[in-house]
Amino acid sequence: MKTQEYTVIGTRPIRHDGADKVTGRALYGADFQMAGLLHGFILRSPHAHARIRRIDTSKAAAFPGVKAVVTADDFPQVPERLVDLGEGDTPLSYARGNVLAQGKVLYRGHAVAAIAATSVHVAEEAAGLIEVDYEVLPCALTAPDAMREGAPILHEDLKTKEFGEQTSRVSNVAEHFRHVMGDIEAGFAEADITVEREFNTATVHQGYIEPHNATALWNNDGRILVWCSTQGAFVVRDVTACILDVPVSRVKVTPMEIGGGFGGKIPVYLEPVAALLSKKTGKPVRIVMSRKDVFEATGPTPGSNIKVKIGARKDGRITAAQAYLAYEAGAYPGAMVASGAMCVFAAYDIANVVIDGFDVVVNKPSTAAYRAPGATNAAFATETVVDEIAEKLGMDPLDFRLKNAAKEGTRRADGPKYRRIGCVEVIEAMKKHPHYTAPLGGPNRGRGVAVGFWFNVGLPSSCTISVSADGTVNLVEGSTDIGGTRTSIAMQAAEVLGIPAESVRPTVVDTDSVGFTAVTGGSRTTFATGWAAYEAAQDIVRQMKERAAKLWETDAASVTMERGVFRAADKSMTFQELAAKLDQTGGPVVGRGAVNPRGVGGSFSGNIADVEVDPDTGKVTILRFTAVQDAGKAIHPSYVEGQMQGGSAQGIGWALNEEYWMNGSGTMMNSSLLDYRMPTALDLPMIDTVIVEVPNPGHPFGARGVGEANIIPPPAAIANAIYHAAGVRMDRLPMNPPAIMEAIWKQRD
Amino acid sequence: MHNKVRVQTTINGEPQEFLCEPRQSLLECLRDILGLTGTKEGCNDGNCGACTVLMDDRVVTSCLVLGVEAEGCQITTIEGIARGSDLHPLQRAFLENAALQCGVCTPGFIVTAKALLDREPNPSEEQIRLWLANNLCRCTGYDKIIRAVEQAAQEARA
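From first to last, the protein sequence lines stand for chains A and U. Positions 78 to 826 (my numbering) are the ones given, in order, by the first sequence. Positions 475 to 632 (my numbering) are the ones given, in order, by the second sequence.
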């Protein structure tokens, strides 16, 4: 592998928005202020499934301080069409129906009506005066429940799509698809050992600390101005325009600083409602969700029912693998089961595969992406079965994985053939790590390993760069910065221009001020928007060579630029010197970059986890945790480590504690941050990181996205560690003390 | 309508006087009345720590304190941590250690960590973790936050 010397890429500059974020000056969505601001509140359904017979808002509307009340009837009724939600298309009626319920409520917390008032307390009080007459219906809360014959039907018009064909069968199964490769029966016949297990995983939430918020002003010129916390300002613009039935050019979205997203801040919930309230009142309206609203009414990640069967020969070669993935979409179709199916066996080179996926609607909030959506559930199942087979064959679990690892040219059952990937390198780095052979140091302790794969996405990004006379540049881009991407993008421009990262000032702007840029998601921002910045910087270099040529009275083709120095024959000039001479050589220099990159490189990650299981209480303590991931090329290594550590922590929470604990009528019983127990500083050890760099041939600097793959292996690695500590194979998430004790008691009987 | 109450208090060393409804939390007063939006709301029930402030040197979640309770108190918010135009060593350490990603929990962490270092200039990792268990971060896995606090403590002792 060619190693290239970089001056900026691979260094660790301080983030450009750093000072604002440590002094409290950075403005997040809920910090936005405007003269005449009204406060919105959303009335939500107390039932998981009910028909709305009647809504009477008259008493609420008459309450002092209330300025407007809206329901779904206030939305323009436009013909059905598909809208792009940022990570896939959905029928407009679903997008609109999730924003304000029409006819039926499909989950507890489903928005029913909204109020704008002079204060949020007045709005909340008045919401209590809205009378809603519900006909409560039985509910279906899990995939197996909802797939049963005679289960309550959520959408009377939803007919199952099977193997790509529309059937006439009305059911909660929106889609059943199948990937087939090779001959599954022959594959299992060839196996010396076959292990088949069933797994259930609970619904979990992304758990970002900042609740959703939106402020909208329906301006007097007819334009709709929105300030909000979102992973994709252009998605908010497009979905809001669709729901309100106005051209996209009428909506301007300004993304404020965002307090975490992890996929959960891609969907649109509040913006069209705030806009409607603003239209009715002529004033800006701000709506901020409560934490309970965030849990009950935004998109968590699907719970799932999974069966995985894997067969292998005595020599350790996997001969066949079969998966059944039934994912809970929540109220509307779109469980992340397609991506689960892409990832379920993605780490392995297997000739004979069948994967069945089921997208199942249930009476829970409509699910959204959550960091490698669908893949963590699937890997929990696969990596647990793989561990069991390795154990039964008497093989080291990493050697077993290495023997079957996917590599360049391996075909996945869903179609794609891998380009250069780092699966083998990640597993080798795990094997080499001192953690893997360190003594466990006590009883009731065990070590587990697991790997995970996420394919990453490309999608469009835009960027412009203008050169200042002092030799610095202003970089304008449209990707919400959730974890330091202003800097990782600026660094790529700085590398091209041969100037320090600090000489690039990146700004994330509104939808009027930059070309279309897709969501911050799919681990794409450093990869794709970074590439747009790379292109914009190349454009600048090209133009500045022309300026140098003009000054030196030569032709631009004879001018070179390396590390910020322009040269032709015996003449040379630094970027900074030339930047001071732009006015006399033709005026300002502005570069542009607009990309829709195809060269996406998937990322593999792996974990080594040591746990101690208390045999009396079932409590699991994480003693040591190592995360390994292929970054392609780490643009800013600290931020790569940060992604790995953050994804690990979320995966550990998912493994051990987190779940939507639902009662039989569909109420989440733990909808606070006290009871929905996310890991605290006291629950985790330091998280050791190893960045593997197998350059992505599809990116100018070799970068792969690193945001997501890190959440995939933790639950399986911990499950395998629990097995080696306590002798029980866990088949459900979370693996909390009751689940562990139940497994231990069952084993004793 | 509710009668408003006059509250006299000291915020970040400056005397402050404001009117609030008796039901308004200190968090609301800081953010909506005084414009100090550096203190964040993450849960409004005392569990996330994003709204942490110091009240007469006690660490409190300002969503669980009423505005009227601030009467006569000394309140320190994130806006009062920097020393003029110089960052506080904790703020610098957070930046140098990449101890924030989205940054929305950062004000609360810095305020809690300051209270810890004011009391215990040489905290162990376990002590830092115990104190910071007051605050939730969903982005970092805490590793770099712990290291930032360790570095700030070390620098303060040097």
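The beta-carbon is built from N, C-alpha and C at its ideal position, and this holds for glycine as well.
At 7 Å on the CB atoms, spell out the chain A contacts of residue i, in chain order.
i: Val578 (chain U); result: Tyr105, Ile286, Glu287, Gly336, Gly337
i: Leu606 (chain U); result: Ala758
i: Arg557 (chain U); result: In chain order: nothing, as chain A lies at least about 11 Å away.
i: Pro581 (chain U); result: Gly101
Specify, as a first and last residue, the run of the alpha helix (DSSP H) that residue i falls within.
i: Asn454 (chain A); result: 452 to 469
i: Arg496 (chain A); result: Run containing Arg496 (chain A): none; DSSP gives neither H nor E here.
i: Tyr211 (chain A); result: Here Tyr211 (chain A) belongs to no alpha helix (DSSP H); instead the beta strand (DSSP E) covers 208 to 213.
i: Gly670 (chain A); result: Unbroken run through Gly670 (chain A) is the beta strand (DSSP E), 667 to 672; no alpha helix (DSSP H).
i: Ser135 (chain A); result: 135 to 139
i: Phe339 (chain A); result: It is not in any alpha helix (DSSP H) - Phe339 (chain A) carries neither H nor E in the DSSP assignment.
DSSP beta-bridge partners for residue i?
i: Ser381 (chain A); result: A:Thr278, A:Tyr404
i: Pro811 (chain A); result: In the DSSP output, where bridge partners are listed per residue, Pro811 (chain A) has none listed.
i: Leu159 (chain A); result: A:Pro168
i: Asp370 (chain A); result: Partner(s): none; Asp370 (chain A) has no beta bridge.
i: Gln548 (chain U); result: U:Thr484
i: Asn551 (chain A); result: A:Ser543, A:Arg582
i: Cys305 (chain A); result: A:Ala291, A:Pro332
i: Ala389 (chain A); result: A:Ile270, A:Ile395
i: Lys238 (chain A); result: A:Gln243, A:Glu252
If you follow the beta strand (DSSP E) that residue i is part of, which residue opens it and which one closes it?
i: Cys494 (chain U); result: 488 to 494
i: Ser680 (chain A); result: 680 to 690
i: Ser635 (chain A); result: First-last for Ser635 (chain A): undefined, no H or E at that position.
i: Thr569 (chain U); result: The sequence shown places Leu at residue 569 (chain U), not Thr. Segment 563 to 570 is the alpha helix (DSSP H) holding Leu569 (chain U); no beta strand (DSSP E) there.
i: Gln615 (chain A); result: Unbroken run through Gln615 (chain A) is the alpha helix (DSSP H), 607 to 629; no beta strand (DSSP E).
Can you tell me whether residue i is helix, strand or coil according to DSSP?
i: Pro516 (chain A); result: coil
i: Met78 (chain A); result: Any reading at Met78 (chain A) needs caution, since the residue's pLDDT is 36, under 50, leaving its predicted position unreliable; the model's value is listed next. Looking at Met78 (chain A) - three-state DSSP - the assignment turns out to be coil, as it is neither helix nor strand.
i: Ser742 (chain A); result: coil
i: Arg121 (chain A); result: strand
i: Asp589 (chain A); result: coil
i: Ile584 (chain U); result: helix
i: Glu521 (chain U); result: The residue you asked about is not Glu; residue 521 (chain U) is Asn in the sequence shown. Note: Asn521 (chain U) maps to coil in three-state DSSP.
i: Val197 (chain A); result: helix
i: Val147 (chain A); result: strand
i: Gly95 (chain A); result: helix
i: Asn797 (chain A); result: helix
i: Asn175 (chain A); result: helix
i: Lys360 (chain A); result: coil
i: Phe265 (chain A); result: helix
i: Ile821 (chain A); result: helix
i: Arg131 (chain A); result: strand
i: Met224 (chain A); result: helix
For a contact meaning CB atoms closer than 8 Å, what does residue i contact in chain A?
i: Gly516 (chain U); result: Ile286, Glu287, Pro288, Gly336, Arg368, Leu750
i: Lys618 (chain U); result: Ser715, Glu718, Gly719, Gln722
Taking residue i as the query, report the chain U residues whose CB atoms sit under 9 Å from its CB, ordered along the chain.
i: Val697 (chain A); result: Per Cβ cutoff of 9 Å: no residues; Val697 (chain A) is ~17 Å from chain U at best.
Counting only Cβ pairs nearer than 8 Å, list the residues of chain U close to residue i.
i: Thr100 (chain A); result: Gly512, Ile552, Glu553, Ile555, Ala556, Leu561, Gln565
i: Ile764 (chain A); result: Gly615, Asp617
i: Ile91 (chain A); result: Leu569, Glu570
For residue i, return the contacting residues in chain U, with the cut-off set at a CB-CB distance below 7 Å.
i: Met755 (chain A); result: Leu610, Arg612
i: His198 (chain A); result: Arg497
i: Gly95 (chain A); result: Leu569
Output, in chain order, the set of chain A residues within a Cβ distance shorter than 9 Å of residue i.
i: Gln575 (chain U); result: Gly337, Ile559, Gly560, Gly561, Tyr716, Gly719, Gln720, Gly723
By the criterion of Cβ-Cβ separation under 8 Å, what are the contact partners of residue i in chain B?
i: Ile584 (chain U); result: Absence of chain B from the displayed structure is noted, the protein chains being A and U.
Would you check if the region 473 to 485 of chain A and the region 437 to 454 of chain A touch, i.e. whether three or more CB-CB distances between them fall below 8 Å? Between the region 437 to 454 of chain A and the region 473 to 485 of chain A there are fewer than three C-beta pairs closer than 8 Å, too few to call the two in contact.
Decide if the region 500 to 507 of chain A is in contact with the region 677 to 690 of chain A; the criterion is three or more beta carbon pairs, one per stretch, under 8 Å apart. With a cut-off of 8 Å, the region 677 to 690 of chain A and the region 500 to 507 of chain A count as touching, because enough Cβ pairs lie within range.
Under 8 Å: do the region 578 to 597 of chain U and the region 716 to 736 of chain A share three or more Cβ pairs, one atom per stretch? Segments in contact, no.
Segment contact flag, the region 102 to 117 of chain A with the region 352 to 364 of chain A, C-beta cutoff 8 Å, min 3 pairs: Flag = yes, the region 102 to 117 of chain A and the region 352 to 364 of chain A touch.
Can you find at least 3 beta carbon pairs, one from the region 411 to 425 of chain A and one from the region 750 to 765 of chain A, that sit closer than 8 Å? Result no; under three Cβ-Cβ pairs closer than 8 Å.
Contact the region 192 to 209 of chain A vs the region 133 to 145 of chain A: 3+ CB pairs below 8 Å: The region 192 to 209 of chain A, when compared against the region 133 to 145 of chain A, does touch it at the 8 Å Cβ threshold.
Under 8 Å, with one C-beta from each stretch per pair, do the region 614 to 626 of chain A and the region 688 to 705 of chain A reach the 3-pair mark? The answer is no - the region 688 to 705 of chain A does not touch the region 614 to 626 of chain A, with fewer than three Cβ pairs under 8 Å.
Quick check: the region 366 to 380 of chain A against the region 233 to 251 of chain A, are there 3 or more CB pairs under 8 Å? Because the criterion of three Cβ pairs below 8 Å is not met, the region 366 to 380 of chain A and the region 233 to 251 of chain A do not touch.
Decide if the region 390 to 406 of chain A is in contact with the region 304 to 315 of chain A; the criterion is three or more beta carbon pairs, one per stretch, under 8 Å apart. No, they do not touch.
Does the region 476 to 487 of chain A touch the region 459 to 467 of chain A, meaning 3 or more C-beta pairs lie closer than 8 Å? Yes, they touch.
Across the region 124 to 140 of chain A and the region 525 to 533 of chain U, are there enough close Cβ pairs to call them in contact, namely three or more that are closer than 8 Å? Per the Cβ contact rule, the region 124 to 140 of chain A is not in contact with the region 525 to 533 of chain U (fewer than 3 Cβ pairs under 8 Å).
Contact the region 712 to 719 of chain A vs the region 560 to 576 of chain A: 3+ CB pairs below 8 Å: Contact between the region 712 to 719 of chain A and the region 560 to 576 of chain A is present, because at least three Cβ pairs lie under 8 Å.
Taking three-plus beta-carbon pairs below 8 Å as touching, is the region 319 to 337 of chain A in contact with the region 283 to 290 of chain A? Yes, they touch.
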